[in-house]
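A.B. asks: Going by this note's numbering, the first residue of the sequence shown is number 377, and it counts up by one from there. Backbone N, C-alpha and C define an ideal beta-carbon position, used for all residues, glycine too. Keep in mind that this is a model prediction, so the values were computed, not measured. Here it is, the structure, as structure tokens.
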Amino acid sequence: MAALGTAALRAPRLLAASCRRGSSHGSGDGGRGQPREPVGSGGRARRGAEPGPIAGSQPAAAEGADTRSYLWARYHEMKKLVYDLLPPGVCSLLNPAAIYANNEISLGDVEIYGFDYDYTLAQYSNLLHSMIFNTARDILIEQFKYPEGLGKYDYIPGFAIRGLHYDVQKSLLMKIDAFHYVQLGTAYRGLKPVPDEEVIELYGGTQHIPLYQMSDFYGKGPSLKQFMDIFSLPEMTLLSSVIDYFITHGIEFDQVHLYKDISDAIRDVHVKGVMYKWIEKDMEQYILHGDEIYAVLNRLVNHKKKLFLITNSPFSFVDKGMKHMVGKNWRDLFDMVIVQADKPNFFTDRRKPFRKLDDNGSLQWDKINQLEKGKIYKEGNLFDFLRLTGWRGSKVLYFGDHLYSDLADLMLRHGWRTGAIVPELETEIRIINTEQYMHSLTWQQALTGLLERMQMYQDAESKQVLLEWMKERQEIRSLTKNLFNPQFGSIFRTFHNPTYFSRRLVRFSDIYMASISCLLNYDVNFTFYPRRTPLQHEAPLWMDQLCTGCMKTPFLEEMVHIR
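This is the structure we're talking about:
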């Protein structure tokens with residue numbers, strides 16, 4: 377994923393490698409998939425040499441030599457080079473409070489700011505996930521008559537991550553990349569991983585999930601469901617816990633009914649207002665960073681920006697939360713507030729008219745011909761919103777946490793600018809900033825480059841060396857995955873590929889950040905420029921993958937072997 381490769385890591389620009397290695401027939405480096413002539417100990421190929429040998433032939437650089445010793449010599453040279461390359465203080469290059477750009481956008485052009493409420497203006501503590509899990513679990517036992525033994529299961533913080541897919545018919549929770557491939561080692565049935573061989577067999581001898589089975593535009597496919605919002609973390613954990621109980625106790629179950637029952641139990645926690653009551657009862661415990669929200673909104677208003685709120689939550693809940701974070705006069709900051717909007721239908725369905733609420737939240741019956749500042753409206757649709765406000769195109773910037781329900785339609789259908797709130801970004805950047813991650817990733821990339829370059833050695837001893845390298849590469853990949861989450865890894869990457877979630881993040885958001893408060897770090901006229909990311913054919917050396925932070929790279933001739 378181009379944008380996340382450099383925009384998220386804020387890495388230096390690519391360094392172009394010389395093409396002088398090749399003959400007049402073309403590049404001696406040969407490009408991806410075309411083996412180059414191996415270098416000797418000095419790291420230089422012979423000028424005028426023919427393009428690299430085909431697999432099975434002996435390269436001139438190692439003729440008559442012990443190829444096993446030669447390969448291990450190159451390995452140790454590269455390892456020393458990589459570790460020498462990482463200077464002291466290379467960690468902590470990335471700022472968790474930064475805003476990252478997928479698309480160029482100038483805040484100076486933005487006149488109107490829109491916001492979702494839950495997990496956008498209001499950030500919640502993780503304690504809320506335990507409450508949702510426990511309540512939905514009890515609903516299954518008491519109302520759906522599920523086994524009482526389920527009561528022994530508690531919420532497991534950190535079990536699941538956002539963006540996972542669930543195959544209803546196969547009872548598999550798994551991470552899928554941007555190319556529709558299951559990341560092996562991240563498929564779970566219940567609370568236990570499913571062996572890679574079984575996953576491949578279940579999908580007809582491949583890791584690939586066909587397009588027709590995948591999620592539709594809003595993450596709901598015929599057999600696969602994608603969990604895209606933060607509220608889905610307790611749902612995934614409950615789903616896995618119930619399946620674990622049934623499998624452990626040898627209880628047969630219908631996969632479709634089980635999935636629907638758990639979805640209904642989770643929905644009841646939200647729809648029946650149980651969750652709202654918890655939060656209203658103890659704002660201090662559940663709502664985070666409230667003072668920063670006031671600072672963001674007040675600053676925008678002071679710079680003559682118009683503000684609006686569109687949320688699916690009810691007015692009484694939003695009103696109490698905003699009073700806690702911003703103050704009793706919070707509505708004075710907004711030009712309009714729309715509650716129970718029924719997103720994403722709000723953005724596509726023209727049929728629902730707006731309803732006005734009085735100051736107590738009671739419905740009014742008059743026809744809405746204008747949207748008045750400071751008033752509260754319920755339901756409605758975006759088409760009437762655009763007609764009554766004239767707020768169209770790139771002068772509007774809307775923030776939300778749900779890529780489908782909040783952002784997709786606004787960007788693709790209506791041309792608004794969009795900002796994604798990704799709270800997980802803060803934790804992931806702190807992991808990326810660790811020395812362990814930096815060294816592991818850099819060496820992994822170097823080792824991958826060695827494997828690609830040295831694969832033309834096909835004698836028995838060389839093949840054994842390459843197998844050892846491949847095993848080490850897999851161990852490093854597993855290590856870096858586990859740094860983020862032992863079960864599923866990072867929400868942004870499946871080893872080297874972007875995740876399905878990441879691809880949607882780039883597609884549906886101009887900018888993304890850990891929280892709305894990140895806006896306080898930038899001038900209101902700031903322009904965000906996404907980093908130009910090299911395509912695979914543009915450069916053999918990707919500085920963003922090295923994560924070094926160095927604009928000047930020593931030993932460029934040698935380092936060209938690291939992609």
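Can you check which of these residues, Trp792, Lys648, His778, is closest to Asp492 by C-alpha distance?
C.D. replies: Within the sequence shown, the letter at position 116 stands for residue 492. Comparing Cα positions, the closest option is His778.
A.B. asks: At which residues does the alpha helix (DSSP H) containing Arg707 begin and terminate?
C.D. replies: As a working mapping, residue 707 is identified with position 331 in the sequence shown. No alpha helix (DSSP H) contains Arg707, which DSSP labels as neither H nor E.
A.B. asks: Going along the chain, which residues of its own chain have a beta-carbon closer than 7 Å to the beta-carbon of Ile517, five neighbours each way excluded?
C.D. replies: The sequence position of residue 517 within the sequence shown is 141, counting from 1. Closer than 7 Å at the Cβ level, and outside the excluded window around Ile517, lie Glu524, Leu526, Gly527.
A.B. asks: Rounded to whole angstroms, what is the Cα-Cα separation between Gly666 and Gly737?
C.D. replies: Position 290 of the sequence shown holds residue 666. Position 361 of the sequence shown holds residue 737. So the alpha carbons of these two residues sit roughly 23 Å apart.
A.B. asks: Rounded to whole angstroms, what is the Cα-Cα separation between Gly534 and Leu609?
C.D. replies: Residue numbering aside, residue 534 sits at position 158 when the sequence shown is read from its first letter. Residue numbering aside, residue 609 sits at position 233 when the sequence shown is read from its first letter. If you take the alpha carbons of Gly534 and Leu609, they lie about 9 Å apart.
A.B. asks: Give the DSSP-derived three-state secondary structure of Phe555 in the structure shown.
C.D. replies: In the sequence shown, counting from the first residue as 1, residue 555 sits at position 179. Coil, per DSSP.
A.B. asks: Whole angstroms is fine: what's the gap from Glu914's alpha carbon to Asp899's?
C.D. replies: In the sequence shown, counting from the first residue as 1, residue 914 sits at position 538. In the sequence shown, counting from the first residue as 1, residue 899 sits at position 523. Glu914 and Asp899: Cα-Cα distance of roughly 34 Å.
A.B. asks: Assign Thr624 to buried or exposed, taking buried as 16 or more other Cβ atoms, counted over all protein chains shown, within 10 Å of its Cβ.
C.D. replies: Along the sequence shown, one-based indexing puts residue 624 at 248. Result: exposed.
A.B. asks: On the criterion of 16 or more Cβ atoms from any shown chain inside 10 Å, does Val672 qualify as buried, or is it exposed?
C.D. replies: Working through the sequence shown from its first residue, we reach residue 672 at position 296. Looking at its Cβ environment, which holds 16 or more other Cβ atoms inside 10 Å, Val672 is buried.
A.B. asks: May I have the straight-line CA-CA distance separating Gln840 from Leu462, to the nearest angstrom?
C.D. replies: For the purposes of this step, residue 840 is taken as the residue at position 464 of the sequence shown. For the purposes of this step, residue 462 is taken as the residue at position 86 of the sequence shown. Distance between the alpha carbons of Gln840 and Leu462 is about 30 Å.
A.B. asks: Please list the terminal residues of the continuous alpha helix (DSSP H) segment that includes Arg731.
C.D. replies: Here residue 731 corresponds to residue number 355 of the sequence shown, with the count starting at 1. It is not in any alpha helix (DSSP H) - Arg731 instead sits in the beta strand (DSSP E) that spans 730-733.
A.B. asks: Taking only the alpha-carbon atoms, compute the straight-line gap between Ser854 and Thr870 and give it to the nearest angstrom.
C.D. replies: Along the sequence shown, one-based indexing puts residue 854 at 478. Along the sequence shown, one-based indexing puts residue 870 at 494. Taking the straight line joining both Cα atoms gives about 10 Å.
A.B. asks: Below 8 Å between beta carbons: does that hold for Lys749 and Glu487?
C.D. replies: In the sequence shown, counting from the first residue as 1, residue 749 sits at position 373. In the sequence shown, counting from the first residue as 1, residue 487 sits at position 111. The answer is no: Cβ separation not under 8 Å.
A.B. asks: Assuming Phe723 and Leu786 make a contact with CB atoms under 8 Å, what is their CB distance in whole Å?
C.D. replies: One-based indexing of the sequence shown puts residue 723 at position 347. One-based indexing of the sequence shown puts residue 786 at position 410. At roughly 6 Å, the Cβ-Cβ gap stays under 8 Å, so Phe723 and Leu786 are in contact.
A.B. asks: Between which two residues does the alpha helix (DSSP H) holding Met507 run?
C.D. replies: The residue given as residue 507 occupies position 131 in the sequence shown. Start and end: 503-518.
A.B. asks: Starting from Val713, follow the beta strand (DSSP E) in both directions and report where the run begins and ends.
C.D. replies: Looking up residue 713 in the sequence shown gives position 337. Unbroken beta strand (DSSP E) run through Val713: 712-715.
A.B. asks: Between the segment 672-687 and the segment 643-662, are three or more C-beta pairs nearer than 8 Å?
C.D. replies: In short, these stretches do not touch, since the Cβ pair count stays below three.
A.B. asks: Ile619 to Pro569, Cα distance in whole Å?
C.D. replies: Mapped onto the sequence shown, residue 619 falls at position 243. Mapped onto the sequence shown, residue 569 falls at position 193. In a straight line, the C-alpha of Ile619 is about 13 Å away from that of Pro569.
A.B. asks: How about Thr875: is its C-beta nearer than 8 Å to some C-beta of chain B?
C.D. replies: Checking the listed chains, one finds no chain B in this structure; it contains a single protein chain.
A.B. asks: Roughly how many whole angstroms lie between the Cα atoms of His556 and Val575?
C.D. replies: Position 180 of the sequence shown, counted from the start, is the residue given in the question as residue 556. Position 199 of the sequence shown, counted from the start, is the residue given in the question as residue 575. One C-alpha to the other measures close to 14 Å.
A.B. asks: Between which residues of its own chain and Arg726 is the CB-CB distance below 6 Å, once the five residues before and five after are set aside?
C.D. replies: Position 350 of the sequence shown, counted from the start, is the residue given in the question as residue 726. Cβ neighbours of Arg726 beyond the five flanking positions: Asn757, Phe759.
A.B. asks: Which stretch, first to last residue, makes up the beta strand (DSSP E) that contains Tyr588?
C.D. replies: As a working mapping, residue 588 is identified with position 212 in the sequence shown. That residue, Tyr588, is in no beta strand (DSSP E); it is neither H nor E in DSSP.
A.B. asks: Using 8 Å as the threshold, is the C-beta distance between Phe684 and Ile752 below it?
C.D. replies: Numbered from its first residue, the sequence shown carries residue 684 at position 308. Numbered from its first residue, the sequence shown carries residue 752 at position 376. Not closer than 8 Å, so no.
A.B. asks: Return the residue from the list Tyr542, Asp718, Ile481, Gln746 that minimises the CA-CA distance to Gln631.
C.D. replies: Residue mapping note: residue 631 aligns to position 255 of the sequence shown, counting from 1. It is Tyr542 whose Cα lies nearest to the Cα of Gln631.
A.B. asks: Could you check whether the segment 847-862 touches the segment 443-461, counting it as contact only if at least three pairs of C-beta atoms, one from each stretch, sit closer than 8 Å?
C.D. replies: Short answer: they don't touch.
A.B. asks: Quick one: what's got a C-beta closer than 7 Å to Asn873's C-beta in the same chain, skipping five residues either side?
C.D. replies: Stepping through the sequence shown from its first residue, residue 873 is reached at position 497. Here the set comprises Asp553, Ala554, Phe555.
A.B. asks: Once you ignore the five residues that flank Arg444 on each side, which residues in its own chain have a CB closer than 7 Å to its CB?
C.D. replies: The count along the sequence shown starts at 1 and reaches residue 444 at position 68. Glu837, Ser838, Val841, listed in sequence order.
A.B. asks: Tyr476 to Ala796, Cα distance in whole Å?
C.D. replies: Counting from 1 along the sequence shown, the entry for residue 476 is found at position 100. Counting from 1 along the sequence shown, the entry for residue 796 is found at position 420. Those two C-alpha atoms are separated by around 10 Å.
A.B. asks: Could you tell me which of Phe520, Glu844, Thr903 sits nearest to Thr824, measuring between CA atoms?
C.D. replies: Here residue 824 refers to the residue found at position 448 when the sequence shown is read from its first residue. Comparing Cα positions, the closest option is Glu844.
A.B. asks: Spatial neighbours of Tyr529 within its chain, please: CB distance less than 6 Å, with the 5 preceding and 5 following residues excluded, ordered by chain position.
C.D. replies: The count along the sequence shown starts at 1 and reaches residue 529 at position 153. Ser617, listed in sequence order.
A.B. asks: Can you name, in chain order, every residue of its own chain whose Cβ lies under 6 Å from the Cβ of Trp767, other than the five neighbours on each side?
C.D. replies: Stepping through the sequence shown from its first residue, residue 767 is reached at position 391. So the qualifying residues of the chain are Ile488.
A.B. asks: Measure the C-alpha to C-alpha separation of Ile638 and Leu614 and round it to an integer number of angstroms.
C.D. replies: Against the sequence shown, residue 638 aligns to sequence position 262. Against the sequence shown, residue 614 aligns to sequence position 238. Taking the straight line from one Cα to the other gives about 8 Å.
A.B. asks: Can you give me the start and stop residues for the alpha helix (DSSP H) that Arg444 sits inside?
C.D. replies: Residue mapping note: residue 444 aligns to position 68 of the sequence shown, counting from 1. Unbroken alpha helix (DSSP H) run through Arg444: 443-461.
A.B. asks: Residues in its own chain within less than 6 Å of Leu497 by CB, not counting five upstream and five downstream?
C.D. replies: By one-based count along the sequence shown, residue 497 stands at place 121. So the list reads Phe491, Ile669, once near-sequence residues are dropped.
A.B. asks: What would DSSP say about Gln834, mapped onto helix, strand or coil?
C.D. replies: Residue 834 sits at position 458 when you count from the first residue of the sequence shown. If DSSP states are grouped into helix, strand and coil, Gln834 belongs with coil.
A.B. asks: Can you tell me which of the three DSSP states Gly795 falls into?
C.D. replies: Within the sequence shown, numbered from 1, the residue matching residue 795 stands at position 419. Gly795 falls in the strand class under three-state DSSP.
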